[in-house]
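Q: I'd like to ask you about the structure that follows.
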Amino acid sequence: MDIEEGLDKLLLGRYDEALAVFQGCPPSPQAEKLCQVALTFIETAEYAAELAKGNLSITPFEPPNHLTAELDKLRMKLKRLSRQLLMVSTGYPVSSIDDLGDLSAGLNFLVGQASARKERAEYDFDRDMETGLLNRRAFLRGIYELLQAQPHKVGVLLCCGLDNIRYVNEAYGYACGDLYINKVVKVLSGGKQGLCLLARTGGSEFSIYAHGFENVEEARESVWGYFKTLLNTRVELLHGSVKVRVSCGMSVYPHDAATSDVLMDYASCAMYDAREHNPGTVVRFHPEIYRTKANLFIRQERLNELIEGRLLHFAFQPVVRLGDGEVVGYEALMRPKTVAFSGPLDILAMAESLGKLPQLERVTFELIFEWVSRNSKKLGGKKIFFNTISAQYLDVLELRDIHPDYEAISKKMVFELLETATIEDGMMQKINAFRRDVATQIAIDDFGCGHSNALRLIGISPDILKIDKFFIKNIHMGPTPKTELLSNILDYCRAKGIHSLAEGVETSDQLRGVMNMGFDYAQGYYLGRPSWQLAGIDPRVRSEIMAFVARNA
Ligand code: G
Ligand code: MN
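Going by our numbering, the first residue of the sequence shown is number 6, and it counts up by one from there.
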């Protein structure tokens, strides 16, 4: 073993072997020193290997040699760097890192970018992207802060709805719509003074809140200018210019409401009221408008509940054959199970305004099909007359899907048609398909009234024509133009094999009147009121009919 061999191993990086060689050499100060050198290398290599693995918690052997001491300094810097990066990643502000040369510069650049992005995101979160104005959320927070700072002052919120932006977009294109919006923003921003917040609170809605006044008049005065300026603004578009049309709603702090969100709610409610009833004006909020709107909203919800929960049932009113006084069927009259609606017309009107007629129609069909299926025995040969809101809303195939026994069920029914609009070709086809595939018997309801007219009678040629109570009312008063026309209609029905039914027979006189005219059937309070059960005819009324028939035999 000689020192030369040990030095070779040391140069090759085989420190353990070099140490063994130096330790095997005869004891000498030189061999002693070389052992220490080899040990230093061993310790340093182990330490560096651990650092290379990313372990920044390892401390050098004690006492540190001068190589591990240097590495330890590097370890401390890396450790600081990693701690700072960890803080950056959690959003904690850090001072710049400067003791790692290019590495620090690169990291500082990244940290700078991250914080710029964060600031931008925070700004965007508060701002409307297109106009740079505050958005609704930030606007409400801003008002909140003003109210906190000066709770005893008066403030006013003006909500401006642009009435013709949609028209501009559609007629001139969206680029012109943008020009229009930009102009409005410019005009509104130009008028800002004092404690004032300006926001875009909706696509075509801008709101201003001004605070710090002594009374309502002063407050109102302060925003009146915005409204006037907007009304006098024209926007130059590529092909001419348009006037800004604006409807505004106003709410006042603390008179109308004490919090920013309620103030906003009230001002926009007043704005919609202005738009609906007085476009181009400012409407000050008052509780009545809000109650009406809120009621409407509640009723919309009730209608949804009614449709989803199928909260409907039927009352049944007898239909009587005048030839023998027999009850031949019942008209099923839809009734709400909830107090939110006064009756079927109320439900229909609400459903129509919400575009929910098809859903309502489907539910009533489901319910009546189920009812007829369940009560088929009880009905015997009697028919259920059923008001279809309009055959146009339901597809024939869909109707057939409603109940597996739809064929047997529909044979027990008379479908009364009452259309809300004039018949066009497509609708006639629908009615024909409905007749071919679903309905064995069709009636036209309320004839002589509304859209239920002669054209429809000719076009549809129903099995039964139900003549509106308008014709029945004074039928016993002797010949009038009304009875003359009626007589012609009845002649037409007889010639075409259409059965006639008198609606709304309320008195004995009227009953005699309709029998004199030769009606086949009658219905009305005198013959039986709508009831939850399938009621028979009053025996006295039946005798009345029988006596009349016998007299005229
Ligand atoms: O449009 P249609 O014929 O489906 O209307 C039936 C409605 O007429 C039901 O609401 C029913 O309560 C009502 N009704 C039934 N009989 C009479 C009556 O004799 N007089 C009046 N005024 N209404 C009646
Ligand atoms: Mn009817």
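For each residue, glycine too, the CB sits at the ideal point set by N, CA and C.
Where does serine 466 sit, in a helix, a strand or coil, going by DSSP?
A: Here residue 466 corresponds to residue number 461 of the sequence shown, with the count starting at 1. Serine 466 falls in the coil class under three-state DSSP.
Q: Please report how far the alpha carbon of glycine 529 lies from the alpha carbon of glutamate 310, in whole angstroms.
A: In the sequence shown, the residue the question calls residue 529 occupies position 524. In the sequence shown, the residue the question calls residue 310 occupies position 305. Those two C-alpha atoms are separated by around 32 Å.
Q: How many Å lie between serine 33 and leucine 115 at the Cα?
A: What you label residue 33 is simply residue 28 of the sequence shown in a count that begins at 1. What you label residue 115 is simply residue 110 of the sequence shown in a count that begins at 1. The straight-line gap from Cα to Cα measures roughly 57 Å.
Q: Out of Asp450, Ala320, Gly208, Pro284, which one is the CA nearest neighbour of serine 536?
A: By one-based count along the sequence shown, residue 536 stands at place 531. Checking every option, the nearest Cα to that of serine 536 belongs to Ala320.
Q: In whole angstroms, what separates the C-alpha of leucine 470 from that of proline 349?
A: For the purposes of this step, residue 470 is taken as the residue at position 465 of the sequence shown. For the purposes of this step, residue 349 is taken as the residue at position 344 of the sequence shown. C-alpha separation (whole angstroms): 22 Å.
Q: If we ignore side chains and look at the alpha-carbon of each, how far apart do methionine 251 and isoleucine 186 end up?
A: The residue you call residue 251 lines up with position 246 of the sequence shown. The residue you call residue 186 lines up with position 181 of the sequence shown. The identity of residue 251 in the sequence shown is valine, whereas the question assumes methionine. Taking the straight line joining both Cα atoms gives about 12 Å.
Q: Exposed or buried, what is serine 347 when buried is set at 16 or more other beta-carbons lying within 10 Å of its beta-carbon?
A: Within the sequence shown, residue 347 is the residue found at index 342, counting from 1. When all chains shown are included, serine 347 counts as exposed.
Q: Using alpha carbons as the reference points, say which of Leu79, Gln41, Arg146 lies closest to leucine 56.
A: Your numbering for residue 56 matches position 51 in the sequence shown. Ranking the options by Cα distance to leucine 56, first place goes to Leu79.
Q: Does the stretch 280-296 touch the stretch 153-171, meaning 3 or more C-beta pairs lie closer than 8 Å?
A: Yes, the stretch 153-171 is in contact with the stretch 280-296.
Q: Hey, is alanine 521 close to the ligand G, as in C-beta under 6 Å from one of its heavy atoms?
A: Counting from one through the sequence shown, the residue named residue 521 turns up at place 516. Rather than alanine, the amino acid found at residue 521 in this sequence is asparagine. Answer for asparagine 521: no, Cβ out of range of the ligand G.
Q: Classify proline 156: buried if its beta carbon has 16 or more other beta carbons within 10 angstroms, exposed otherwise.
A: As a first step, residue 156 is located in the sequence shown; it is residue number 151 there, counting from the start. It is exposed - the Cβ of proline 156 has fewer than 16 other Cβ atoms within 10 Å.
Q: At 3 residues or longer, and completely inside the stretch 433-519: list those beta strand (DSSP E) runs for me, N to C.
A: Counting whole runs of 3 or more residues, the stretch 433-519 contains the beta strand (DSSP E) stretches 446-452, 469-472, 504-507.
Q: Based on the DSSP secondary-structure assignment, which residues constitute the bridge partners of glycine 254?
A: Here residue 254 is taken as the residue at index 249 of the sequence shown, counted from 1. Glycine 254 is bridged to Cys164, Val288.
Q: Roughly how many whole angstroms lie between the Cα atoms of aspartate 7 and leucine 76?
A: For the purposes of this step, residue 7 is identified with residue 2 of the sequence shown, where counting begins at 1. For the purposes of this step, residue 76 is identified with residue 71 of the sequence shown, where counting begins at 1. Whole-angstrom Cα-Cα distance: 32 Å.
Q: Can you name the start and end residues of the beta strand (DSSP E) that isoleucine 373 belongs to?
A: By 1-based counting over the sequence shown, the position of residue 373 is 368. Not the beta strand (DSSP E): isoleucine 373 falls in the alpha helix (DSSP H), residues 362-379.
Q: Which of helix, strand or coil does DSSP assign to valine 267?
A: Walking along the sequence shown from the start, residue 267 turns up at place 262. In this structure, valine 267 counts as helix in the three-state DSSP scheme.
Q: Using 6 Å as the cut-off, classify the Cβ of glycine 285 as near or not near the heavy atoms of the ligand G, replying yes or no.
A: In the sequence shown, counting from the first residue as 1, residue 285 sits at position 280. No, the ligand G has no heavy atom inside 6 Å of this Cβ.
Q: Kindly provide the chain-ordered list of residues whose Cβ lies closer than 5 Å to any non-hydrogen atom of the ligand MN.
A: Going along the chain, the residues that qualify are Asn392, Glu421, Asp450.
Q: Please classify glycine 182 as buried or exposed, where buried requires at least 16 neighbouring CB atoms within 10 angstroms.
A: Locating residue 182 in the sequence shown gives position 177, where the first residue counts as 1. Answer is buried; the Cβ neighbour count reaches 16.
Q: Using the Cα positions of arginine 547 and valine 554, report the straight-line distance between them to the nearest angstrom.
A: As a working note, residue 547 is residue 542 in the sequence shown. As a working note, residue 554 is residue 549 in the sequence shown. If I take the Cα positions, the gap works out to 11 Å.
Q: Work out the CA separation of glutamine 153 and serine 120 for me, nearest whole Å.
A: The sequence position of residue 120 within the sequence shown is 115, counting from 1. The sequence position of residue 153 within the sequence shown is 148, counting from 1. Taking the straight line from one Cα to the other gives about 30 Å.
Q: Mind checking which residues open and close the alpha helix (DSSP H) that includes asparagine 140?
A: For this step, residue 140 is matched to residue 135 along the sequence shown. Neither: asparagine 140 is in no alpha helix (DSSP H) and is coded neither H nor E.
Q: Quick one, which of Glu293, Ala438, Thr512, Val519 has its alpha-carbon nearest lysine 487's?
A: Taking the first residue of the sequence shown as 1, we reach residue 487 at position 482. Of Glu293, Ala438, Thr512, Val519, the residue nearest in Cα terms is Val519.
Q: Return helix, strand or coil for glutamate 241, following the three-state DSSP convention.
A: For the purposes of this step, residue 241 is identified with residue 236 of the sequence shown, where counting begins at 1. The answer is strand: DSSP assigns glutamate 241 an E or B state.
Q: With DSSP run on the structure shown, which of helix, strand or coil describes isoleucine 213?
A: In the sequence shown, the residue the question calls residue 213 occupies position 208. Note: isoleucine 213 maps to strand in three-state DSSP.
Q: Where serine 246 and phenylalanine 374 are concerned, what is the direct C-alpha to C-alpha distance, given to the nearest angstrom?
A: Start at 1 with the first residue of the sequence shown, and residue 246 comes out as number 241. Start at 1 with the first residue of the sequence shown, and residue 374 comes out as number 369. Straight-line Cα distance between these residues: approximately 59 Å.
Q: Going by alpha carbons, who is nearest to lysine 342 out of Gln322, Thr485, Asp351?
A: Walking along the sequence shown from the start, residue 342 turns up at place 337. Nearest of Gln322, Thr485, Asp351 to lysine 342, Cα basis: Asp351.
Q: Give me the residue from Gly330, Val161, Thr512 with the minimum Cα distance to glutamate 219.
A: Here the question's residue 219 lines up with position 214 in the sequence shown. Answer by Cα proximity: Val161.
Q: Counting along the chain, where does the alpha helix (DSSP H) carrying valine 333 start and finish?
A: On the sequence shown, position 328 is the one that residue 333 refers to. Valine 333 -> not in any alpha helix (DSSP H); beta strand (DSSP E) instead, spanning 332-341.
Q: Decide if the stretch 269-285 is in contact with the stretch 491-505; the criterion is three or more beta carbon pairs, one per stretch, under 8 Å apart.
A: No, they do not touch.
Q: Any idea which residues DSSP pairs asparagine 392 with across the strands?
A: By one-based count along the sequence shown, residue 392 stands at place 387. For asparagine 392, which the question treats as bridged, DSSP gives the partners Glu421.
Q: One question on the structure: do leucine 404 and valine 443 come within less than 7 Å of each other, judged by their Cβ atoms?
A: As a working mapping, residue 404 is identified with position 399 in the sequence shown. As a working mapping, residue 443 is identified with position 438 in the sequence shown. Yes.
Q: Given serine 517, which residues of its chain have a CB within under 7 Å of its CB, disregarding the five upstream and five downstream residues?
A: In the sequence shown, residue 517 corresponds to position 512, counting from 1. Residue 517 is actually arginine in this sequence, not serine. Cβ within range, chain order: His481, Phe553.
Q: With respect to 6 Å, is the separation between the Cβ of glutamate 508 and the closest non-hydrogen atom of the ligand G below this value?
A: In the sequence shown, counting from the first residue as 1, residue 508 sits at position 503. At least one heavy atom of the ligand G is nearer than 6 Å to the Cβ of glutamate 508, so yes.
Q: Is the beta carbon of isoleucine 449 less than 7 Å from the beta carbon of leucine 422?
A: As a working note, residue 449 is residue 444 in the sequence shown. As a working note, residue 422 is residue 417 in the sequence shown. Yes; because the gap between Cβ atoms is below 7 Å, this pair is in contact.
Q: Could you name the residues of the same chain whose beta carbon sits closer than 8 Å to that of phenylalanine 232, not counting the 5 residues immediately before and after it, in chain order?
A: Within the sequence shown, the letter at position 227 stands for residue 232. Excluding positions up to five away in sequence, the list reads Leu163, Cys165, Val251, Cys253, Val287.
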